[in-house]
Structures are given as structure tokens and as C-alpha cells.
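This note's numbering numbers the first residue of the sequence shown as 171 and each following residue consecutively.
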Amino acid sequence: MHRQSFLFPGLAEPVHYDVVTCRACGFCYASDIPDQAALNQFYQAVDHHVHAELPPGLARIHGEFFRFVHGHASLASDARILDIGSGMGHFLHHFQKAGFTDLQGMEPSLAAAELARNTYSLNVHSASVDTFVASERFDLVSLCGVLEHIADLRRSMESISALLRDDGYLFIAVPDASSFGQVVPAEPFLEFALEHINFFSATSLDNLLRACGFEKVIVASQHNDFYDNNYLLALYRRVAQPSLAIVSDSEAAPSLRVYVDLSRQGLRPVEAVAKQLVASQEPLLIWGAGALTSRLLCDTCLGQANICGVIDRNRRLQGKELLNTLITAPDSIGNYQGATVFIASTTYSAEIRETLLQRYAWTGRIITLASGATS
Numbered sequence: 171m172h173r174q175s176f177l178f179p180g181l182a183e184p185v186h187y188d189v190v191t192c193r194a195c196g197f198c199y200a201s202d203i204p205d206q207a208a209l210n211q212f213y214q215a216v217d218h219h220v221h222a223e224l225p226p227g228l229a230r231i232h233g234e235f236f237r238f239v240h241g242h243a244s245l246a247s248d249a250r251i252l253d254i255g256s257g258m259g260h261f262l263h264h265f266q267k268a269g270f271t272d273l274q275g276m277e278p279s280l281a282a283a284e285l286a287r288n289t290y291s292l293n294v295h296s297a298s299v300d301t302f303v304a305s306e307r308f309d310l311v312s313l314c315g316v317l318e319h320i321a322d323l324r325r326s327m328e329s330i331s332a333l334l335r336d337d338g339y340l341f342i343a344v345p346d347a348s349s350f351g352q353v354v355p356a357e358p359f360l361e362f363a364l365e366h367i368n369f370f371s372a373t374s375l376d377n378l379l380r381a382c383g384f385e386k387v388i389v390a391s392q393h394n395d396f397y398d399n400n401y402l403l404a405l406y407r408r409v410a411q412p413s414l415a416i417v418s419d420s421e422a423a424p425s426l427r428v429y430v431d432l433s434r435q436g437l438r439p440v441e442a443v444a445k446q447l448v449a450s451q452e453p454l455l456i457w458g459a460g461a462l463t464s465r466l467l468c469d470t471c472l473g474q475a476n477i478c479g480v481i482d483r484n485r486r487l488q489g490k491e492l493l494n495t496l497i498t499a500p501d502s503i504g505n506y507q508g509a510t511v512f513i514a515s516t517t518y519s520a521e522i523r524e525t526l527l528q529r530y531a532w533t534g535r536i537i538t539l540a541s542g543a544t545s
């Protein structure tokens with residue numbers, strides 16, 4: 171259906187995966203991916219979403235997830251709750267504020283787990299599903315934005331099921347692949363990040379969970395205004411017997427094909443700007459060395475521009491090289507006077523532009539991804 175390529179800091183050559191569809195059931199996923207251990211190392215090394223304070227839009231999402239669970243699951247205040255992929259603890263903190271007392275998190279990123287412990291005094295284990303051992307079973311296990319990252323779904327779901335008490339609740343929030351083709355994406359191919367390897371619809375998610383011994387309580391598709399996509403919010407309960415009946419997913423693949431076409435359309439103005447930068451060979455400073463840049467360097471001719479520097483606030487990226495160019499901290503921007511700044515972010519574009527103008531008094535040209543907007 172689509173091959174997505176990436177060029178990451180520290181790598182000499184691009185990597186890629188292919189988005190494919192299962193002929194038997196219609197499930198869409200990325201093939202030719204690293205194994206789960208390699209993916210866990212990637213999450214630990216990059217820590218690209220580690221921040222103590224959330225943007226308001228992202229904070230709203232966690233609040234909506236909590237209200238969904240709280241409104242549909244019958245949980246006592248002393249219910250044992252485990253959040254898998256708990257990040258910095260923002261979702262668990264909603265339970266904490268609501269009076270729930272027995273809260274645990276599981277997070278493969280060491281930096282994120284430490285931040286959760288320090289910020290909210292939460293009991294967050296630096297572990298993955300494959301390595302976590304619990305002394306007692308839980309009344310609720312949650313996975314917010316996690317299941318789309320897991321390589322071996324059946325094995326991981328069996329491990330998760332073993333963590334739950336009989337009739338215990340499972341809450342899952344994942345991007346709704348059946349909605350991907352509904353609108354032109356603000357960022358082309360945003361849904362095809364390296365770590366996004368499973369593309370669920372309500373049907374394919376239900377097939378997986380029933381096969382692993384879960385019964386549906388309620389599933390809803392809800393718009394996420396921060397990323398401008400839809401998320402499936404799914405609440406299930408653990409039951410005694412799995413259901414092996416498979417329902418063919420007829421929605422995800424057509425939606426993804428439309429999404430690929432829309433992303434290609436959205437990439438055209440970016441490619442036009444990249445061609446102009448290549449032609450002018452003006453000194454170019456790229457702000458952002460994350461997933462978007464990794465895709466643009468493969469999907470456009472941006473890598474042929476006169477890139478004089480790369481800036482990223484992620485300390486774990488600073489000191490690495492991208493296209494033989496050292497990644498440095500934002501405060502190094504004074505070394506690039508006269509360069510054109512290309513803001514390689516849609517989510518934080520306005521914030522970065524404001525930082526350039528207000529904090530660094532930048533007077534040079536700034537290019538954003540909003541159809542190649544410049545100032």
C-alpha cells in the first residue's frame with residue numbers, strides 16, 4: 171500500500187517499513203519492522219515526548235480519556251490500576267486527583283519514568299510488558315497510545331491479560347485508522363511514524379481483544395483536536411473464554427489508501443519549498459530533528475539544500491549528526507545569523523516561531539509547514 175522511509179540522527183542510511191493489509195482479516199500494519207526489543211531501545215534512547223508540562227491540547231486528551239473510563243467502568247477508590255506506557259504520568263495523575271490510591275505505571279523510557287516519579291510521586295516501573303512482574307493482579311489496565319507501537323500483539327496481550335483479575339477492565343486508546351482518510355492531514359504521513367506499526371479500526375481491535383479473552387463494554391471514536399485525528403476509546407473486560415470468530419475489516423485499508431493520497435497532496439507545497447531551497451542554496455537551519463524531518467529527508471529533496479545546522483531541544487539528540495551536520499541546542503542559534511530557519515514541526519510550529527521572534531529576536535526568514543508559509 172505504501173512504503174515509508176526515515177532518516178534518523180546517527181544513521182548513515184534511511185530505514186523503512188511497508189504498510190500492508192492482511193488478506194485474511196483486513197488488519198493493516200507495518201511489515202519489515204525491527205523486533206520488539208529494538209523498538210524498546212528506540213523508545214528509551216529518543217525520549218522525544220518527555221516534558222513535565224503538557225500543551226493544553228494534549229492535557230485535554232488525557233482528561234477525556236479519564237472521563238471515558240470513569241464514566242463507564244465501575245471502580246472503587248482502592249482499585250488497583252496499572253497504566254502501561256505511562257510516560258510522564260499525566261494520565262495516571264487524573265486518577266490520583268480523583269482519589270484513587272493504588273496506582274502504578276509501567277514505562278520503558280527511563281527519563282519519562284523518573285519524571286513521573288519526581289513530578290507526581292507515582293509508582294512507575296522502568297519496564298516493558300515483556301519484563302514487568304506484578305505481585306497482585308489489577309482491576310484496570312490502561313494503554314493510551316501504546317497498542318499501535320507493539321510488534322508482537324498476541325504475546326503482549328496474553329501478558330496483559332495475565333495482569334488482570336477476572337472481570338478486570340482493559341482500557342485502550344489508539345488512533346482510529348478508519349478515520350485517517352476523512353480530512354487532509356496537517357502533517358503529511360504523520361500517522362506513519364517509525365513507532366506506529368499497527369493501524370486499528372474498531373473491527374480489527376475487537377478481533378484481537380476477543381481472541382485474547384476480552385469482552386467489549388463500549389467503544390467510541392472520538393476526535394482529537396491536538397493531532398487532528400480520531401482515537402478509538404475502547405473499554406473491555408477480561409472473560410474466561412476467548413472468541414476466535416474473525417470479522418473482516420473492510421474499513422481500514424480504503425481509509426489508509428485515501429490517507430496516502432491526501433498526504434501526497436499535502437507534501438506538494440513542501441516539496442516546492444524544498445526545491446526552491448535547493449535552487450537558492452541559501453544557508454538553511456532546520457529546527458527539529460524528529461519524525462517529520464526524518465520523513466521529509468526521504469520524501470522530498472530537502473536533504474540537497476545547503477543545510478548549515480540542525481537544532482533540537484531534545485538533549486538526547488544533541489551531539490548526534492544528521493546528514494553529517496551536528497545537532498545542537500536552541501541557544502546555539504546565534505551561530506547561524508543570516509540563515510533561513512525551516513521549522514520542521516506542525517504541532518509546535520507556532521511555539522517555535524514565537525521562541526525565535528521573542529526569545530532570540532530572530533530577524534531572518536522563517537519557513538513553516540503551513541503550505542510553505544514564510545515570514
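Glycine included, C-beta positions come from ideal geometry on N, C-alpha and C.
| query | result |
| --- | --- |
| Ala-459 and Leu-432 look like a contact to me (Cβ under 8 Å); what is the Cβ gap, rounded to whole Å? | Between Leu-432 and Ala-459 the Cβ distance is about 26 Å, and since that is not below 8 Å, they are no contact. |
| Between which residues of its own chain and Gly-436 is the CB-CB distance below 7 Å, once the five residues before and five after are set aside? | Val-354, Pro-355 and Pro-358 |
| With Asp-253 as the anchor, note down where its beta strand (DSSP E) starts and where it stops. | 250 to 254 |
| Cα separation between Leu-280 and Cys-471? | 36 Å |
| Identify, in the order they occur along the chain, each residue of the same chain with its Cβ nearer than 8 Å to the Cβ of Gln-266, setting aside the five sequence neighbours on each side. | Leu-273, Tyr-290 and Leu-292 |
| Return the CA-CA distance between Gln-451 and Val-430, expressed in angstroms with no decimal places. | 30 Å |
| According to the Cβ coordinates, are Phe-261 and Asp-248 closer than 7 Å? | no |
| Run through the DSSP bridge pairs and tell me what Asn-159 is partnered with. | Because the chain in this structure spans residues 171 to 545, residue 159 falls outside the shown range and cannot be described. |
| Alpha carbon to alpha carbon, how far is Ser-326 from Thr-498? Give it in angstroms, no decimals. | 37 Å |
| Whose C-beta lies closer than 7 Å to the C-beta of Thr-271 among residues of the same chain, with five residues either side of it excluded? | Ser-247 and Asp-248 |
| Taking the alpha carbon of Asp-467 as the point to measure from, which residue in Phe-512, Phe-341, Ser-371 and Ile-503 has its own alpha carbon closest? | Just to set this straight, residue 467 is Leu in the shown sequence, not Asp. The candidate whose alpha carbon is nearest that of Leu-467 is Phe-512. |
| Examine chain C for any beta-carbon lying closer than 7 Å to the beta-carbon of Met-276, and answer yes or no. | This model lacks chain C altogether, as it is built from one protein chain only. |
| Kindly indicate the opening and closing residues of the alpha helix (DSSP H) around Gln-174. | Counting along the chain, Gln-174 falls outside any alpha helix (DSSP H), though it belongs to the beta strand (DSSP E) covering 172 to 176. |
| Three-state secondary structure (DSSP) at Phe-235? | helix |
| Please report how far the alpha carbon of Gly-542 lies from the alpha carbon of Asp-336, in whole angstroms. | Since pLDDT at Gly-542 reaches only 48, below the 50 mark, its modelled position is unreliable, and no value is offered. |
| Based on the DSSP output, what are the partners of Pro-345 in its beta bridges? | Tyr-401 |
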